[in-house]
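Residue numbers (this note's numbering): 102 to 467.
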């Protein structure tokens, strides 16, 4: 088991990464002096597969444990499901001495984290991510929230957990579309970090899909290590942390235009391809670099008809992006691996060009 500490202004919290380490959680909670009344928010698929394991891990440990089951899917990140969590907390008489344990993917973590931030003005939170995307990205850094009016994560809060436990055993039950989704964020980190990480993912790409534990542990560890270092320097995304949104301005617009029916990580792959084309269009990225770098995201097989041809509709959704400033759409672009430029303003024609090129690139890669 490996451990990474993430330090922010108010606290330092540990991230534990390993295989079959769920049984260690009660001792970790006890050693850290966390609350023992457990309110577990879990994805329905996770509960179906692992409820017995979760119960066994906490057998005889917690004086009070309650399971709140969430429906799978992006539509769950809503006011309605947030209210249901609050209702369960109240009805089951959970107080400020509650430890909310979020077990699931990014949807579960975002929603449950926001509930923890709001209930009684904040209760303790633990993340147990069960997907690649939540393990390598969304469980780290304190972003929580819900979708509203077809806009991704438009309502939320920064709320840091007490600890994160990443047990790669959970990843073995993932369907292909969930693996694709996780690979989207791993590919993002390949562009943000360095050439060695980029090459490692490229060379071990197929091993992700065969659940090679050593490869997955390394990729998740390196991603968490990088994101943790960024969050430590910029918790609230006022500067450096913006680089973590590489590809996401496009991705969130793709998701919104599709009525939030796309897998986030798959949208991120399309968003990265768009960001590469836009970087090239603005002169930041050479034709030679574009041709080389685009090969990695194109390794991900996206569903047929993934992107609509309604490019103007996609552009219009960008106007509601929370990263915009002064009414202007801002982009995170690059000139090479690890060389990221933030807050770039471009013309509408350039944006439409990048979306159109992405549509053509994905179609031609089939």
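Just so it is clear, CB atoms sit at the ideal spot from N, CA and C, and this is done for glycine as well. Keep in mind it's a predicted model, so treat the numbers as computed, not measured.
Quick one: what's got a C-beta closer than 7 angstroms to residue 363's C-beta in the same chain, skipping five residues either side? Position 262 of the chain shown holds residue 363. Excluding sequence neighbours, residue 363 sits near 355, 356.
Using the Cβ count rule (16 or more neighbours within 10 Å means buried), how would you classify residue 102? Along the chain shown, read from residue 1 onward, the residue named residue 102 stands at position 1. Its Cβ having fewer than 16 others within 10 Å, residue 102 is exposed.
I need the DSSP call for residue 304, collapsed to helix, strand or coil. Taking the chain shown and counting its residues from 1, one reaches residue 304 at position 203. Residue 304 falls in the helix class under three-state DSSP.
Can you name the residues that DSSP bridges to residue 225? Looking up residue 225 in the chain shown gives position 124. Bridge partners of residue 225: 200.
Taking three-plus beta-carbon pairs below 8 angstroms as touching, is the segment 136-152 in contact with the segment 194-203? Yes: the two stretches touch, three or more of their Cβ pairs being nearer than 8 angstroms.
First and last residue of the uninterrupted beta strand (DSSP E) at residue 140: Counted from its first residue, the chain shown places residue 140 at position 39. Run containing residue 140: 138-144, per the beta strand (DSSP E) assignment.
Neighbourhood of residue 382 by C-beta distance below 7 angstroms, restricted to the same chain and skipping five residues each side: Residue 382 sits at position 281 when you count from the first residue of the chain shown. Same-chain partners within the cutoff: 451, 454, 455.
Could you pull out every residue in the same chain whose Cβ sits closer than 6 angstroms to the Cβ of residue 115, ignoring the five residues on either side in sequence? Position 14 of the chain shown, counted from the first residue, corresponds to residue 115. 104, 106, 264.
Counted within 10 angstroms of its Cβ, other Cβ atoms place residue 339 as buried (16 or more) or exposed: Here the question's residue 339 lines up with position 238 in the chain shown. Residue 339 is exposed by the Cβ-count criterion.
Just reading off the beta strand (DSSP E) that residue 435 is part of, what are its end residues? Residue 435 sits at position 334 when you count from the first residue of the chain shown. Start and end: 432-437.
Excluding the 5 residues flanking residue 341 on each side, which residues of the same chain have their C-beta closer than 8 angstroms to its C-beta? Position 240 of the chain shown, counted from the first residue, corresponds to residue 341. Once the five neighbours on either side are set aside, the close Cβ partners of residue 341 are 331, 334, 335.
Put residue 127 into one of helix, strand or coil per three-state DSSP. On the chain shown, residue 127 is found 26 positions in, with the first residue counted as 1. In the displayed model, residue 127 falls within a helix according to three-state DSSP.
Would residue 110 be called buried (16 or more neighbouring beta carbons within 10 Å of its own) or exposed? One-based indexing of the chain shown puts residue 110 at position 9. Burial check for residue 110: the Cβ neighbour count within 10 Å stays below 16, so the residue is exposed.
Can you tell me whether residue 184 is buried or exposed, with buried defined as 16 or more other CB within 10 angstroms of its CB? Your numbering for residue 184 matches position 83 in the chain shown. So residue 184 counts as exposed.
Based on Cα-Cα distance, which residue from 300, 257, 129, 448 lies nearest to residue 395? Walking along the chain shown from the start, residue 395 turns up at place 294. Taking each of 300, 257, 129, 448 in turn and checking the Cα distance to residue 395, the smallest one comes out for 300.
My understanding is that residue 120 touches residue 270, with C-beta atoms under 8 angstroms, so please give their C-beta distance in whole angstroms. To locate residue 120, count along the chain shown from 1; it is residue 19. To locate residue 270, count along the chain shown from 1; it is residue 169. With a Cβ gap of about 6 angstroms, residue 120 and residue 270 count as contacting.
I believe residue 442 touches residue 376 by the beta-carbon criterion, under 8 angstroms. Please report the beta-carbon distance rounded to the nearest angstrom. Position 341 of the chain shown, counted from the start, is the residue given in the question as residue 442. Position 275 of the chain shown, counted from the start, is the residue given in the question as residue 376. In this structure residue 442 does not touch residue 376 by the C-beta definition: roughly 11 angstroms separates them, more than the 8 angstroms allowed.
For residue 337, which residues in the same chain have their Cβ closer than 7 angstroms to its Cβ, ignoring the five residues on either side in sequence? Counted from its first residue, the chain shown places residue 337 at position 236. Around residue 337: 259.
Could you pull out every residue in the same chain whose Cβ sits closer than 6 angstroms to the Cβ of residue 420, ignoring the five residues on either side in sequence? As a working mapping, residue 420 is identified with position 319 in the chain shown. Excluding the 5 residues flanking it on each side, residue 420 has no same chain C-beta neighbour closer than 6 angstroms.
Would you please state the rounded distance, in angstroms, between the beta carbons of residue 309 and residue 280? I believe it to be under 8 angstroms. Along the chain shown, read from residue 1 onward, the residue named residue 309 stands at position 208. Along the chain shown, read from residue 1 onward, the residue named residue 280 stands at position 179. The beta carbons of residue 309 and residue 280 sit about 7 angstroms from each other, so the pair counts as a contact at 8 angstroms.
Spatially closest choice to residue 446 from 459, 380, 415, 388, by CA coordinates: For the purposes of this step, residue 446 is identified with residue 345 of the chain shown, where counting begins at 1. The residue with the shortest Cα to Cα distance from residue 446 is 380.
Residue(s) in a DSSP beta bridge with residue 429: Residue numbering aside, residue 429 sits at position 328 when the chain shown is read from its first letter. Per DSSP, 426.
What residues are listed by DSSP as bridge partners for residue 521? What the structure shows of the chain is the stretch from 102 to 467, and residue 521 is not part of that stretch, so it cannot be assessed.
Whose C-alpha, out of 344, 373, 125, 220, is nearest the C-alpha of residue 155? Mapped onto the chain shown, residue 155 falls at position 54. Closest by alpha carbon: 125.
Looking at residue 234: is its Cβ nearer than 8 angstroms to the Cβ of residue 365? What you label residue 234 is simply residue 133 of the chain shown in a count that begins at 1. What you label residue 365 is simply residue 264 of the chain shown in a count that begins at 1. Yes, these two residues count as a Cβ contact at 8 angstroms.
Please state the DSSP three-state secondary structure of residue 168. Position 67 of the chain shown, counted from the first residue, corresponds to residue 168. In the three-state reduction of the DSSP assignment, residue 168 falls in the strand class, which pools E and B.
Does the distance from the C-beta atom of residue 172 to that of residue 149 stay below 8 angstroms? Residue mapping note: residue 172 aligns to position 71 of the chain shown, counting from 1. Residue mapping note: residue 149 aligns to position 48 of the chain shown, counting from 1. Contact: no.
Length of the line joining the Cα atoms of residue 414 and residue 405: As a working note, residue 414 is residue 313 in the chain shown. As a working note, residue 405 is residue 304 in the chain shown. One Cα belongs to residue 414, the other to residue 405, and the distance between them is close to 20 angstroms.
Euclidean distance between Cα positions of residue 372 and residue 132: Position 271 of the chain shown, counted from the start, is the residue given in the question as residue 372. Position 31 of the chain shown, counted from the start, is the residue given in the question as residue 132. It is roughly 42 angstroms from the alpha-carbon of residue 372 to the alpha-carbon of residue 132.
Tell me, to the nearest whole angstrom, how far the beta carbon of residue 210 is from that of residue 240; I am working on the premise that it is less than 8 angstroms. Here residue 210 refers to the residue found at position 109 when the chain shown is read from its first residue. Here residue 240 refers to the residue found at position 139 when the chain shown is read from its first residue. Confirmed, about 5 angstroms.
Take every Cβ of the segment 246-253, pair it with every Cβ of the segment 205-221, and state whether three or more of those distances are shorter than 8 angstroms. Taking 8 angstroms as the limit for Cβ pairs, the verdict is that the segment 205-221 does touch the segment 246-253.
Straight-line gap, residue 412 to residue 427 (C-alpha atoms, nearest Å): Here residue 412 is taken as the residue at index 311 of the chain shown, counted from 1. Here residue 427 is taken as the residue at index 326 of the chain shown, counted from 1. The alpha-carbon atoms of residue 412 and residue 427 are separated by roughly 23 angstroms.
DSSP on residue 260, reduced to helix/strand/coil? For the purposes of this step, residue 260 is taken as residue 159 along the chain shown, with counting starting at 1. In the structure shown, residue 260 sits in coil (DSSP, three-state: anything other than H, G, I, E or B).
Residues bridged to residue 115 [DSSP beta-bridge criterion]: As a first step, residue 115 is located in the chain shown; it is residue number 14 there, counting from the start. Paired residues: 106.
For residue 386 versus residue 345, is the C-beta distance shorter than 8 angstroms? As a working note, residue 386 is residue 285 in the chain shown. As a working note, residue 345 is residue 244 in the chain shown. No, these two residues do not count as a Cβ contact at 8 angstroms.
Is residue 351 helix, strand or coil when you go by DSSP? Taking the first residue of the chain shown as 1, we reach residue 351 at position 250. Helix, per DSSP.
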